[in-house]
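S.K.:
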């Protein structure tokens, strides 16, 4: 377990190198599961009458890099170290935001759509190695990340009403 900024290239390199050492010391062990669950992006409208209040290019690029593109770089680095093998499963957490609109959610929505596309491509390219890649859309979960989204109360109410058990997804 590593608690680091997973979108930082230096941190990624350090973690992958540590994983490589760990698996080299235990040749009967292998990397079985990778879970990509990065929830860090900018919540602003694309368009606002005050240009200082609308989404800026750097914020769009950061959101896409953290929430979508970093998955590619993790998969590449793990593969280059020989850690992606037969049976390795890569999962990425997505959301309904990849196909729905919500005020201020534009950059995150774009990132989730890109993440899903990245997962499809990784699934195709990893299949010959016997590895898999899948996205998980677990549903609305009451987390600190959800509570940062303006209007999250409405999302909670709507998701609870739709759920057959009248509840949210739980962690």
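In our numbering, the protein residues as written are -12 to 158. Glycine included, each C-beta is placed from N, C-alpha and C at the ideal position.
#1: Within the same chain, show all residues whose beta-carbon is closer than 8 Å to that of residue 74, passing over the 5 residues directly before and after it, in chain order.
#2: In the DSSP assignment, the beta strand (DSSP E) including residue 78 goes from what residue to what residue?
#3: Which value, in whole angstroms, describes the spacing of the CA atoms of residue 91 and residue 139?
#4: Tell me the rounded alpha-carbon separation between residue 144 and residue 127.
#5: Could you confirm whether any beta carbon from chain D is found closer than 8 Å to the beta carbon of residue 100?
#6: Is the separation between the beta-carbon of residue 106 and that of residue 94 shorter than 8 Å?
#7: Can you name the residues that DSSP bridges to residue 120?
#8: Can you look up residue 9 in the DSSP assignment and give me helix, strand or coil?
#9: Which same chain residues end up closer than 6 Å to residue 82 when comparing Cβ atoms and leaving out the 5 residues on each side of it in sequence?
#10: Would you grab the beta carbon distance between residue 33 and residue 41 for me? Rounded to a whole angstrom, and I think it's under 8 Å.
#11: Based on the DSSP secondary-structure assignment, which residues constitute the bridge partners of residue 23?
M.R.: Result, derived from the coordinates:
#1: So the list reads 17, 19, 117 and 118, once near-sequence residues are dropped.
#2: Bounds of the beta strand (DSSP E) holding residue 78 are 76 to 80.
#3: If you take the alpha carbons of residue 91 and residue 139, they lie about 11 Å apart.
#4: The C-alpha of residue 144 lies about 10 Å from the C-alpha of residue 127.
#5: Annotation note: the requested chain D is absent from the structure, which comprises a single protein chain.
#6: Note that the C-beta distance between residue 106 and residue 94 is not below 8 Å.
#7: Beta-bridge partners of residue 120 (DSSP): 77.
#8: For residue 9, the secondary structure class from DSSP, reduced to helix, strand or coil, is helix.
#9: Counting only Cβ-Cβ distances below 6 Å, and skipping sequence neighbours, we find 99.
#10: Indeed they touch by this definition, with Cβ atoms about 6 Å apart.
#11: Listed as beta-bridge partners of residue 23 by DSSP are 79.
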